[in-house]
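Engineer: This is the structure I want to talk about, given as structure tokens.
Put into structure tokens, the structure is as follows:
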């Protein structure tokens, strides 16, 4: 279904489908790390920017019946509508042309790197197996560009704070060392995820959606004048140094796992 037709799919909560999409995007932006609420001004700024390419949240229709019914009033008169609008992960553009899609993990890392992350949950691998759920409450990324030995580089310092939620492993949460271990595992696993996500964009989409070019421009305007003409090529091989600092602020109502008692 084309974009123009998606905007015609009747929805049960809003008379105007575009309003439903707008509200869904706002809610999703706050609760799901894989989407991003992009204002028109920001989209235009990214399109005209020489050091950053735009992304947009994708929308698709989940159609069970025929398209004709999904575009009629019958779509909101049924208990189980034949067509539903569904938000997807992020679409990557080169100027105004679609060049690829990010998966859920890549979309989440993009939002963290660009300081658009609101909240999400992350699974941490426990030291002796099992999973602990880390509820991200805030994150902040400091991005710095630099020229080293005549070549551009990026430094990312990512700070994440959150609470420990569900725990499915035999660990003693009353010990400070246990919390520190979990923080260390989170930092290691997150760093690997960031490295892989950036590398995949460099190899597949081959456009700078993170704003690394803008960081180089801020750091060394003279060097940027030479780099900007072929920035996409420089981006493909750009070294990105990443440091992740994770902090567990609270374990909420979670105490020691019951698994500890049945060992």
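Residue numbers (full-length UniProt numbering): 1 to 263. Beta carbons are placed, not taken as given, at the ideal position from N, Cα and C, and that holds for glycine.
(1) Please classify residue 258 as buried or exposed, where buried requires at least 16 other C-beta atoms within 10 Å of its C-beta.
(2) So for residue 90, helix, strand or coil by DSSP?
(3) Mind checking whether residue 114 and residue 235 have CB atoms under 8 Å apart?
(4) With the cut-off set at 8 Å, would you say residue 183 and residue 117 are in Cβ contact?
(5) Please report how far the alpha carbon of residue 144 lies from the alpha carbon of residue 104, in whole angstroms.
(6) Take the Cβ of residue 70 as the centre, count every other Cβ of all protein chains shown within 10 Å, and call the residue buried at 16 or more, exposed below.
(7) Please report the Cβ distance between residue 157 and residue 142, rounded to the nearest whole angstrom; I am assuming they are in contact, meaning their Cβ atoms lie under 8 Å.
(8) Looking at residue 89: is its Cβ nearer than 8 Å to the Cβ of residue 98?
(9) Tell me which same chain residues have a C-beta within less than 7 Å of the C-beta of residue 140, skipping the five on either side of it?
(10) Strictly by DSSP, which residues pair up with residue 246?
(11) Give the straight-line distance between the Cα atoms of residue 46 and residue 94, rounded to the nearest whole angstrom.
Structural biologist: The structure says:
(1) Looking up residue 258 in the chain shown gives position 258. Residue confidence for residue 258 is low, a pLDDT of 46 falling below 50, so the modelled location carries little weight; the figure read from the coordinates is stated next. Here residue 258 is exposed, its C-beta having fewer than 16 other C-beta atoms within 10 Å.
(2) The residue given as residue 90 occupies position 90 in the chain shown. Residue state, collapsed to three classes: strand.
(3) If you number the chain shown from 1, residue 114 lands on position 114. If you number the chain shown from 1, residue 235 lands on position 235. Cβ distance not < 8 Å, so residue 114 and residue 235 don't count as in contact.
(4) Within the chain shown, the letter at position 183 stands for residue 183. Within the chain shown, the letter at position 117 stands for residue 117. Not in contact: residue 183 and residue 117 (Cβ atoms no closer than 8 Å).
(5) Start at 1 with the first residue of the chain shown, and residue 144 comes out as number 144. Start at 1 with the first residue of the chain shown, and residue 104 comes out as number 104. Going by C-alpha positions, residue 144 is about 26 Å away from residue 104.
(6) As a first step, residue 70 must be located in the chain shown, where it is residue number 70. At residue 70 the pLDDT is 48, less than 50, meaning the model places this residue with poor confidence; the figure from the coordinates comes in the next sentence. Buried, by the Cβ-count rule.
(7) As a working note, residue 157 is residue 157 in the chain shown. As a working note, residue 142 is residue 142 in the chain shown. The pair is a contact, with the Cβ atoms about 4 Å apart (cut-off 8 Å).
(8) Working through the chain shown from its first residue, we reach residue 89 at position 89. Working through the chain shown from its first residue, we reach residue 98 at position 98. No. Outside cutoff.
(9) Locating residue 140 in the chain shown gives position 140, where the first residue counts as 1. The residues are 115, 159.
(10) Taking the chain shown and counting its residues from 1, one reaches residue 246 at position 246. 160, per the DSSP bridge assignment.
(11) Translated into the one-based positions of the chain shown, residue 46 becomes position 46. Translated into the one-based positions of the chain shown, residue 94 becomes position 94. Their Cα atoms are separated by approximately 10 Å.
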